[in-house]
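The structure under discussion appears below in the form of structure tokens.
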Amino acid sequence: MKRQPIRPINGYLGMTALLAAILFLVPLFTVVQVKQKKQEKAGQQEPETVEILPPGEVDSAQKVRVLLDGGVQTMTMSDYLAGVVRAEMPASFETQALCAQAVAARTYTLYKIATGGNHGETADMCGDPTCCQAYLAEDRARENWGEQADAYETKIENAVAATDGQTILYDNKPVLAVFHSSSAGRTKSAGEVWTQDLPYLRSVTSPEEGNAIPNYYSRVAFSAQKFREKFLAAHPEANFSGKTSGWIKNLTVYEGTNVEHVTIGGVTVRGSEVRTIFSLRSASFEIEVQDGDIVFFVTGYGHGVGMSQYGANQMAKDGSTWDEIIRHYYSGVTLARRTIQDVS
Ligand SMILES: [Zn+2]
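In terms of the numbering used here, the sequence shown is residues 291 to 634.
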């Protein structure tokens, strides 16, 4: 359709209308442009200025005794959980993933306290990740974070405050809220890795994409002699006579990724034990004999049970909230606010 030419009814009125339009439209255009720039910046992961939330009422009223560097420090649950999240998950992760991590860390702490813990009357928790959970004080984390320190610290403290007291429960009790770095498509059930199954630690899908994760795929090679030595140290009954290519047999996998059992030198062992003996990053692996060396091709990192941290981050990127992430990785659980007194 052809546009009708504008008929100048009155030159002066027309000019006024034009000026008014310019005066009105220019600032509007500028505002739109500024908004777009802000969005572009957010896309480039510029630190946003986020308001810091006050510590939650439930967590800040709880005291936890933490064994650190040989001494016991008594601190609020809020401060303790912030220290665990700083140490256990990259602060660059999505806010909802950090919230899920705070909830898992709180639940793990309450589980330890409820079941007597590892430190008797001395302390509730320690900072050793192989015993309790890693812990990193704010000043030390800030040194690692550099320019991002304020933004990261705010994200972490807010993740703890926003989930104040929230605890993962099964049969109304805090669960063993274990977590790991990344899985090979699926997590593992507790029984695949440890001695017994737990109803809430089942194998579930995990959406992390390997190419985005550092060292998601790793390769570890052993000479035939080194391989033999390491295995014999754990299983002296193994028999390594004959060709190297005949030492490893009957590798079976769960769900297409995680090694269930494998027979090495005539001894059948679980995938999780092979992981320990050869210090592999996970029990999702394939084995090949290459030029006389025995080579493991390993996928993912960690024991593979419970919440995958990279999987949680991917779920958050895809729009899941922290409670959706928790309910995905811990089967059949409920969430409610709990204190140390509630579970002791
Ligand atoms: Zn400990």
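All C-beta atoms in this analysis are idealised placements derived from N, C-alpha and C, irrespective of residue type, glycine included.
All of these numbers come straight from a predicted model, not from anything done at the bench.
Problem - With 16 other Cβ atoms within 10 Å as the buried cut-off, status of residue 533 - result: exposed
Exercise for the section: Report whether the distance from the Cβ of residue 415 to the nearest heavy atom of ligand 1 is below 7 Å. Expected result: yes
Practice task
Using 7 Å as the cut-off, classify the Cβ of residue 409 as near or not near the heavy atoms of ligand 1, replying yes or no.
Solution key: yes
Handout entry: Span of the alpha helix (DSSP H) around residue 350
Key = 347 to 350
Exercise for the section: Would you give the residue range spanned by the alpha helix (DSSP H) that residue 509 belongs to? Expected result: Not the alpha helix (DSSP H): residue 509 falls in the beta strand (DSSP E), residues 507 to 512.
Exercise for the section: Tell me whether residue 433 sits in a helix, a strand or coil according to DSSP, three-state version. Expected result: helix
Practice task
Compute the Euclidean distance between the alpha carbons of residue 356 and residue 413, then round it to the nearest angstrom.
Solution key: 6 Å
Practice task
Pull up the DSSP beta-bridge partners for residue 581, would you.
Solution key: In DSSP, residue 581 forms no bridge with anything.
Practice task
Can you tell me the Cβ-Cβ gap for residue 578 and residue 557, rounded? I've got them flagged as a contact below 8 Å.
Solution key: Contact flag wrong, Cβ pair sits at about 20 Å.
Handout entry: Through-space distance from residue 350 to residue 398, alpha-carbon basis
Key = 17 Å
Practice task
Please state if the CB of residue 634 and the CB of residue 648 are separated by a distance shorter than 8 Å.
Solution key: No statement about residue 648 is possible, as the shown extent of the chain runs from 291 to 634 and does not include it.
Problem - Alpha carbon of residue 612 to alpha carbon of residue 601, nearest angstrom - result: 12 Å
Exercise for the section: Report the rounded CA-to-CA distance for residue 590 versus residue 550, giving the unit in angstroms. Expected result: 16 Å
Problem - Rounded C-alpha distance that separates residue 480 from residue 595 - result: 6 Å
Problem - Sub-8 Å separation of residue 358 and residue 450 beta-carbons - result: no
Handout entry: residue 359: CB within 7 Å of a non-hydrogen atom of ligand 1
Key = no
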